[in-house]
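What follows is a set of notes on a single structure, which appears directly below.
2 protein chains.
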Amino acid sequence: MDSHVHTHQKQVVNRLARIEGHTRAVKQMVAEGRDCPEVLLQIAAIRKALDNTAKLILKDHLEHCLVHAVNEGEHEEFMGKLQAALNHYIR
Amino acid sequence: MDSHVHTHQKQVVNRLARIEGHTRAVKQMVAEGRDCPEVLLQIAAIRKALDNTAKLILKDHLEHCLVHAVNEGEHEEFMGKLQAALNHYIR
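These protein sequences, in sequence, are chains A and B.
Residue numbers for the first sequence follow this note's numbering, beginning at 29 and rising by one.
Residue numbers for the second sequence follow this note's numbering, beginning at 29 and rising by one.
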């Protein structure tokens with residue numbers, strides 16, 4: 029649990045809200061039997077939006093959480109958890 | 029517009045519904061100030077789920093839409109649109 033404030037927290041929440049809405053709209057497109065390439069284009073757009081959101085979270089994490097971890101003497105735990113997260117992200 | 033039935037249409041709709049719910053849950057995690065690596069892991073999981081959904085759509089597209097396009101003499105348009113979609117997907 030990490031309750032300190034992130035600069036882009038509100039932006040991240042807003043981006044995830046847009047991704048949620050976009051996914052709902054694409055679900056509707058599929059239910060209506062819309063053309064596959066159109067659906068694939070929309071899924072690629074959602075994936076791109078997710079990647080940009082992950083970048084913003086990572087920016088906050090490096091700018092704020094790293095400083096916090098170093099101050100608390102927790103930089104080894106910080107690096108381990110960050111590495112695990114990046115290993116999942118970058119395949 | 030392409031209104032013919034896809035074998036996995038219901039599965040694709042269900043997967044997108046799960047991705048929508050997962051995104052909503054991650055949005056809540058961020059709003060609660062949860063640890064960045066935990067959030068990044070969840071975003072990576074959503075991206076993986078999107079990729080698997082895209083693969084399922086592509087499978088339907090190749091199995092059903094290609095046959096339909098060939099029967100209708102529209103295979104050139106089919107290939108052009110598929111190529112455009114894949115170009116967006118594979119960066």
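From the three backbone atoms N, C-alpha and C, an ideal C-beta is built for every residue, glycine too.
### Query
Taking only beta-carbon atoms, is alanine 77(A) less than 8 angstroms away from chain B?
no
### Query
Any residues in the segment 33 to 62 of chain B with a beta carbon nearer than 8 angstroms to a beta carbon of chain A? Which ones, in chain order?
Val33, His34, Gln37, Val40, Val41, Leu44, Ala45, Ile47, Glu48, Thr51, Arg52, Val54, Lys55, Val58, Ala59, Gly61, Arg62
### Message
Just verifying my parser: in three-state terms, what is the DSSP assignment at histidine 34(A)?
### Response
coil
### Query
Near threonine 81(A), which residues of its chain fall below 8 angstroms by C-beta distance, leaving aside the five closest residues on each side in sequence?
Val40, Arg43, Leu44, Ile47
#### Entry: Three-state secondary structure (DSSP) of aspartate 88(B)
helix
### Cβ-Cβ distance between alanine 72(B) and histidine 116(A) below 8 angstroms
yes
#### Entry: Contacts of histidine 89(B) in chain A (Cβ-Cβ under 7 angstroms)
Cys64
### Message
Measuring straight from C-alpha to C-alpha, what distance separates methionine 57(A) and valine 95(B)?
### Response
22 angstroms
### Task
Return the Cβ separation of valine 54(B) and glutamine 70(B) in integer angstroms, given the expectation that the two are a contact with Cβ distance under 8 angstroms.
5 angstroms
#### Entry: Interface partners of valine 67(B) on chain A, CB under 7 angstroms
Ile85
#### Entry: 8 angstroms Cβ cutoff, aspartate 30(A) in contact with chain B
With a pLDDT of 45 at aspartate 30(A), under the threshold of 50, the modelled position of that residue is not reliable, and the figure given next carries that caveat. Yes, aspartate 30(A) lies at the interface with chain B (some Cβ there is under 8 angstroms from its Cβ).
### Message
Given a cut-off of 8 angstroms on the beta-carbon distance, is the pair arginine 75(A) and arginine 75(B) in contact?
### Response
yes
### Where glutamate 100(A) sits in the DSSP three-state scheme
coil
### Message
With a threshold of 6 angstroms on Cβ separation, who are the neighbours of alanine 77(A) within its own chain once the five nearest residues in sequence on each side are excluded?
### Response
Ile47
### Task
Express the C-alpha separation of aspartate 79(B) and aspartate 63(B) in angstroms, rounding to a whole number.
25 angstroms
### Task
Kindly say whether alanine 116(B), judged by its beta-carbon, lies nearer than 8 angstroms to any beta-carbon of chain A.
Looking at the sequence provided, one finds histidine at residue 116(B) rather than alanine. It does; some Cβ of chain A falls within 8 angstroms.
### Query
Can you find a CB in chain B that lies within less than 8 angstroms of the CB of alanine 82(A)?
yes
#### Entry: Straight-line gap, aspartate 88(A) to threonine 35(A) (C-alpha atoms, nearest Å)
6 angstroms
### Query
Is the closest heavy atom of the ligand NAP to the C-beta of valine 58(A) under 7 angstroms?
With respect to the ligand NAP, the structure shown offers nothing to examine, as it has no ligands at all.
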